[in-house]
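J.: I'd like to ask some things about the structure below.
Residue numbers (the numbering used here): 95 to 519.
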């Protein structure tokens with residue numbers, strides 16, 4: 095959820111309202127990773143959350159694209175509004191330019207509440223009731239992994255590192271290994287920071303490891319704190335009091351050459367790409383998360399406007415990704431690819447687009463496509479033929495006349511043949 099000053103009161107009202115009609119949620123994995131504390135690397139800072147619990151949208155990150163910070167929440171309390179109050183107080187402190195450690199201190203006033211916050215240049219901190227590891231990586235590659243429990247743990251600004259919290263949710267069938275997984279994941283984060291992996295890629299690896307080994311596997315989601323890219327609601331539950339998408343299960347099938355992909359359950363019907371004929375590979379949810387928040391020369395984040403028809407957004411994203419992989423972020427090429435898909439019936443209910451309908455944000459590799467819906471219940475735009483419609487009408491009338499003559503000849507062929515033979519005698 096994006097945040098600004100005017101939205102703070104709306105957030106608290108909304109969260110208090112939904113807390114009254116649902117079971118509480120507890121994000122048992124909270125993690126913030128910073129690999130470039132200068133904020134210059136577009137993939138240098140990320141935050142994410144995941145759990146075995148229901149209602150993950152209630153605990154998923156809240157972030158500010160203006161100030162580049164994220165707030166992750168978790169824990170439980172007899173009075174659920176306590177956690178919501180801690181969240182809002184943390185946000186207020188961050189918006190007042192207080193440090194992450196001072197901001198998350200709001201959680202210490204409430205029993206059983208945990209708040210984690212941070213950003214690329216301000217560092218990170220976790221406060222309240224938690225079991226976490228603080229990871230730091232020095233300039234010479236030295237990795238330090240330190241356990242913390244309750245109180246406050248701080249990743250100072252200017253430091254490469256991470257904070258990871260992990261507990262087991264009641265009912266998770268995988269039990270007894272959470273401490274070992276938490277420590278092993280923290281060590282993995284430190285090693286990958288030392289080896290030069292970007293924060294967004296490490297985040298995908300964390301989701302993979304934790305979902306498989308600890309079973310705290312339901313999204314949740316993640317955010318790229320530098321480039322303002324999130325997984326949004328891709329993995330969070332659609333219905334109240336249900337779990338999110340299992341991050342260790344297949345999410346889609348894709349063609350590595352063209353970038354074309356199709357999500358499950360529709361993916362079950364595909365074995366090859368309709369664009370190239372290549373065999374499709376399977377992408378797990380943690381792969382999709384990693385790709386979605388990582389900026390790369392051929393990885394486009396696509397936003398579709400003007401149509402909410404089923405399949406338009408997904409198919410457009412696939413077409414744009416394919417076009418970008420071939421010709422880069424070129425509005426003319428992207429428009430041509432989309433129009434070709436419309437002509438082939440891959441996109442229906444929308445008109446052809448022009449380059450001016452393609453908005454490209456080069457810095458973060460984002461593409462906005464603005465469609466105009468077709469009216470009158472039409473599924474495809476009118477053909478743009480090189481001849482006029484009046485000429486087509488004339489040709490149509492001629493064809494109709496010729497057709498009528500042929501019908502007459504067929505119906506009266508016996509009479510006509512007899513008359514013709516008599517004249518020959």
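Every residue gets a Cβ at the ideal spot worked out from N, C-alpha and C, and that includes glycine.
None of these values were measured; they are calculated from a predicted model.
Just mark residue 456 as buried or exposed, buried being the case when its beta carbon has 16 or more other beta carbons within 10 Å.
T.: For the purposes of this step, residue 456 is taken as residue 362 along the chain shown, with counting starting at 1. With fewer than 16 Cβ atoms within 10 Å of its Cβ, residue 456 is classed as exposed.
J.: Is it a yes or a no for the stretch 257–267 touching the stretch 208–223, going by three-plus beta-carbon pairs under 8 Å?
T.: yes
J.: How many angstroms separate the CA atom of residue 168 from the CA atom of residue 300?
T.: On the chain shown, position 74 is the one that residue 168 refers to. On the chain shown, position 206 is the one that residue 300 refers to. Their Cα atoms are separated by approximately 18 Å.
J.: What is the rounded straight-line gap between the Cα of residue 177 and the Cα of residue 186?
T.: As a position in the chain shown, residue 177 is number 83, starting the count at 1. As a position in the chain shown, residue 186 is number 92, starting the count at 1. About 14 Å.
J.: On the DSSP bridge assignment, give the partners of residue 377 in chain order.
T.: Counted from its first residue, the chain shown places residue 377 at position 283. Partner(s): 346.
J.: Going by DSSP in three states, residue 468 sits in which element: helix, strand or coil?
T.: Looking up residue 468 in the chain shown gives position 374. Coil at residue 468, not helix or strand.
J.: Answer with buried or exposed for residue 134, where buried requires no fewer than 16 other C-beta atoms within 10 angstroms of its C-beta.
T.: Counting from 1 along the chain shown, the entry for residue 134 is found at position 40. The residue is exposed, with fewer than 16 neighbouring Cβ atoms inside 10 Å.
J.: Please report how far the alpha carbon of residue 408 lies from the alpha carbon of residue 287, in whole angstroms.
T.: Residue mapping note: residue 408 aligns to position 314 of the chain shown, counting from 1. Residue mapping note: residue 287 aligns to position 193 of the chain shown, counting from 1. Distance between the alpha carbons of residue 408 and residue 287: 33 Å.
J.: If you draw a straight line from the C-alpha of residue 317 to the C-alpha of residue 343, how long is it?
T.: The sequence position of residue 317 within the chain shown is 223, counting from 1. The sequence position of residue 343 within the chain shown is 249, counting from 1. Computed Cα separation, rounded: 20 Å.
J.: Relative to the alpha-carbon of residue 462, which residue among 472, 202, 401 and 438 has its alpha-carbon at the smallest distance?
T.: Translated into positions along the chain shown, residue 462 becomes position 368. By alpha-carbon distance to residue 462, the top candidate from 472, 202, 401 and 438 is 401.
J.: How many Å lie between residue 182 and residue 197 at the Cα?
T.: Your numbering for residue 182 matches position 88 in the chain shown. Your numbering for residue 197 matches position 103 in the chain shown. Spanning the two alpha carbons is a distance of roughly 10 Å.
J.: Count the C-beta pairs between the stretch 442–452 and the stretch 378–386 that are closer than 8 Å, then say yes if the count reaches three, no if not.
T.: no
J.: Could you name the residues that DSSP lists as bridge partners for residue 231?
T.: As a working note, residue 231 is residue 137 in the chain shown. DSSP lists 237 and 254 as partners of residue 231.
J.: What did DSSP end up calling residue 318 once you bin it into helix, strand or coil?
T.: By 1-based counting over the chain shown, the position of residue 318 is 224. Note: residue 318 maps to strand in three-state DSSP.
J.: With DSSP as the reference, please indicate the residues paired to residue 225 in a beta bridge.
T.: Position 131 of the chain shown, counted from the first residue, corresponds to residue 225. Looking at the DSSP assignment, residue 225 forms a beta bridge with 243.
J.: How big is the Cα-Cα spacing for residue 192 and residue 156?
T.: Walking along the chain shown from the start, residue 192 turns up at place 98. Walking along the chain shown from the start, residue 156 turns up at place 62. About 17 Å.
J.: Alpha carbon to alpha carbon, what distance is there between residue 427 and residue 459?
T.: The count along the chain shown starts at 1 and reaches residue 459 at position 365. The count along the chain shown starts at 1 and reaches residue 427 at position 333. Those two C-alpha atoms are separated by around 15 Å.
J.: Excluding the 5 residues preceding and the 5 following residue 116 in the sequence, name in chain order all residues of the same chain whose CB lies nearer than 8 Å to its CB.
T.: Counted from its first residue, the chain shown places residue 116 at position 22. Confidence in residue 116 is poor, its pLDDT being 41 and thus under 50, which makes the residue's placement too unreliable to answer from.
J.: Check each candidate in 296, 357 and 310 and name the one with the smallest Cα separation from residue 90.
T.: No answer is possible for residue 90: the residues shown for the chain start at 95 and end at 519.
J.: Should residue 232 go down as buried or exposed, given a rule of 16 or more other Cβ atoms within 10 Å for buried?
T.: Counting from one through the chain shown, the residue named residue 232 turns up at place 138. So residue 232 ends up on the exposed side.
J.: Using DSSP with H/G/I as helix, E/B as strand and the rest coil, what is residue 168?
T.: By 1-based counting over the chain shown, the position of residue 168 is 74. Note: residue 168 maps to strand in three-state DSSP.
J.: DSSP state of residue 456, grouped into three classes?
T.: As a first step, residue 456 must be located in the chain shown, where it is residue number 362. Here residue 456 sits in helix by DSSP.
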